[in-house]
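These notes are about the structure you will find just below.
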Ligand SMILES: Cc1cc2nc3c(=O)[nH]c(=O)nc-3n(C[C@H](O)[C@H](O)[C@H](O)COP(=O)(O)O)c2cc1C
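In the numbering used here, the protein residues as written are 4 to 464.
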């Protein structure tokens with residue numbers, strides 16, 4: 004009988020910035036924009052031997068019927084500036100930022116991420132997103148938006164162009180005789196050209212080859228097109244499916260799609276977002292989790308969550324009354340702008356919610372509690388270590404992207420209490436083994452750099 008080797012859990016630490024899960028009013032909460040917040044989370048994650056620090060991106064302030072959300076008044080600093088500053092106060096931790104493929108140009112994306120990769124010694128990653136709504140587009144030269152399918156065409160062409168740019172310095176990174184301080188630029192240094200539906204670009208790229216072959220590509224977006232895009236291109240996926248059954252179904256679907264693109268099951272790492280509440284006993288943890296959820300689900304948050312799906316003003320409906328009997332209005336201009344939207348079909352979502360409320364006799368508020376995904380991992384440190392390990396060993400995913408309701412100090416509890424238990428089980432490294440993010444994630448070197456590296460070894464360079 005063959006026993007399968009224990010999978011190593013991949014851990015990422017997430018700072019969501021403006022959102023309704025973080026209790027920013029909590030007396031121990033830090034600032035949404037101060038460097039100290041990001042530094043604390045990143046250094047804690049590195050102490051716990053996490054693979055990477057992760058930032059989402061919001062390119063516009065969120066609004067309801069034109070009025071800015073209260074939490075967004077604190078703003079959201081630029082992802083690359085935060086990650087570059089974190090490179091200086093960490094040594095091993097990967098630094099992965101969300102950057103939009105719809106509004107940014109390949110040349111600037113390639114240059115910024117490759118620069119972060121050099122500054123951090125091979126620790127950079129890019130989470131490719133396509134954006135939620137047209138509202139964001141008004142901030143950019145492109146303006147407006149692209150239809151859903153075209154957004155993915157643009158994303159594919161953007162990633163292809165970025166990779167071409169990253170590969171354009173292939174020879175130099177290896178051939179350059181650094182000891183002698185000589186860099187021999189050949190005639191092709193940095194040369195690139197790409198002519199596709201979205202781009203017609205040609206020139207020379209300014210940044211040498213990445214210390215990790217190519218920076219790591221992450222993807223977030225769960226439609227069939229989003230899944231195909233990830234299966235064909237991504238090294239990792241940020242998914243919303245944190246329960247074991249949902250995670251297993253998603254992972255199986257992605258691995259099957261990846262195989263159609265000629266990719267092996269280990270070439271894509273899947274990491275759902277998850278929270279955690281640690282208690283002294285299971286009961287203590289559940290009570291804490293209930294108390295946290297009460298603070299997260301304010302009347303405003305509930306209203307905004309439902310209005311986003313109905314796309315209607317629901318302020319006239321009593322949250323302690325029944326679920327409104329009106330239908331969603333997908334044709335109206337968006338009442339909620341700039342907020343993550345992960346529901347595929349508004350009518351179907353509302354229908355399922357109504358059924359759930361009828362079946363369980365729920366008020367509108369009760370429904371909000373019921374459908375809230377909650378923190379994911381709730382229990383004693385030992386129970387959480389067990390649940391998380393089971394999730395990974397049973398292929399719900401390859402790890403998790405952990406966010407805490409308390410920023411920046413919430414992650415400390417996880418690192419102090421759960422991490423040692425995972426290390427004891429042999430499911431989490433005690434020391435970093437690789438120097439780059441790609442190595443630590445156990446990802447293969449991209450084909451082109453693998454070829455070049457072996458060529459360099461053969462010739463003794
Ligand atoms: C888990 C998850 C996280 C996401 N994070 C961001 C983000 O930080 N910024 C952003 O602009 N879009 C984000 N998106 C939106 C995606 O880029 C995408 O635009 C959206 O999900 C629609 O694509 P889809 O229909 O394939 O899901 C996220 C999506 C998912 C599923």
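Virtual Cβ for every residue (Gly too), placed ideally from N, Cα, C.
| Query | Result |
| --- | --- |
| For residue 22, count neighbouring C-beta atoms within 10 Å of its own C-beta (all shown protein chains included) and say buried if the count is 16 or more, exposed if not. | buried |
| What did DSSP end up calling residue 94 once you bin it into helix, strand or coil? | coil |
| What does DSSP give as the partner residues of residue 402 in its beta bridges? | 13 |
| In chain order, what residues of the same chain lie with their CB nearer than 6 angstroms to the CB of residue 42, ignoring the 5 residues before and after it? | 92 |
| Have a look at 37, 36, 34 and 46 and flag the residue whose alpha-carbon is nearest the alpha-carbon of residue 415. | 46 |
| So which of 445, 76 and 80 has the shortest CA-CA distance to residue 272? | 445 |
| Along the chain, where does the beta strand (DSSP E) containing residue 269 start, and where does it finish? | Note, residue 269: premise wrong, no beta strand (DSSP E); not H, not E. |
| In its own chain, which residues sit with a C-beta less than 6 angstroms from the C-beta of residue 335, not counting the 5 before and 5 after it? | 314 |
| Could you name the residues of the same chain whose beta carbon sits closer than 7 angstroms to that of residue 19, not counting the 5 residues immediately before and after it, in chain order? | 25, 59 and 406 |
| Any idea which residues DSSP pairs residue 102 with across the strands? | 131 |
| Please list, in chain order, all residues of the same chain as residue 168 whose beta carbon is under 6 angstroms from its beta carbon, the five residues on each side excluded. | 113, 195 and 208 |
| Distance, Cα to Cα, residue 257 vs residue 240? | 10 angstroms |
| On the DSSP bridge list, what partners appear for residue 67? | 70 and 339 |
| Just to confirm, is the Cβ distance from residue 218 to residue 116 under 7 angstroms? | yes |
| Distance check for residue 326 and residue 433, CA to CA, integer angstroms please. | 50 angstroms |
| Would residue 130 and residue 223 qualify as a contact pair, given that the criterion is a beta-carbon distance under 7 angstroms? | yes |
| Assuming residue 66 contacts residue 306 (C-beta within less than 8 angstroms), just tell me the rounded distance between them. | Contact doesn't hold; Cβ gap of about 14 angstroms is too wide. |
| If we ignore side chains and look at the alpha-carbon of each, how far apart do residue 435 and residue 77 end up? | 35 angstroms |
| Would residue 95 be called buried (16 or more neighbouring beta carbons within 10 Å of its own) or exposed? | buried |
| Between which two residues does the alpha helix (DSSP H) holding residue 118 run? | 109-122 |
| Below 8 angstroms, how does it come out for the stretch 380-399 and the stretch 288-304: are there three or more Cβ pairs, yes or no? | yes |
| Express the C-alpha separation of residue 332 and residue 429 in angstroms, rounding to a whole number. | 51 angstroms |
| Could you check where the beta strand (DSSP E) with residue 125 kicks off and where it finishes? | Residue 125 -> no beta strand (DSSP E), and no H or E assigned at all. |
| Using DSSP bridges, identify the partner residues of residue 195. | 206 |
| In whole angstroms, what is the alpha-carbon distance linking residue 237 and residue 161? | 13 angstroms |
| Can you give the Cα-Cα distance for residue 437 and residue 144, rounded to whole angstroms? | 41 angstroms |
| Tell me whether the beta-carbon of residue 404 lies closer than 7 angstroms to the beta-carbon of residue 274. | yes |
| Give the DSSP-derived three-state secondary structure of residue 201 in the structure shown. | coil |
| Rounded to a whole number of angstroms, what is the C-alpha to C-alpha distance between residue 13 and residue 319? | 45 angstroms |
| Hey, how far is the Cα of residue 448 from the Cα of residue 441? | 8 angstroms |
| Tell me which same chain residues have a C-beta within less than 8 angstroms of the C-beta of residue 242, skipping the five on either side of it? | 223, 225, 250, 253, 273, 274, 275, 276 and 400 |
| What residues in its chain sit with their C-beta under 8 angstroms from that of residue 481, if we drop five residues either side in the sequence? | Here the chain has residues from 4 to 464 only, and residue 481 is not among them. |
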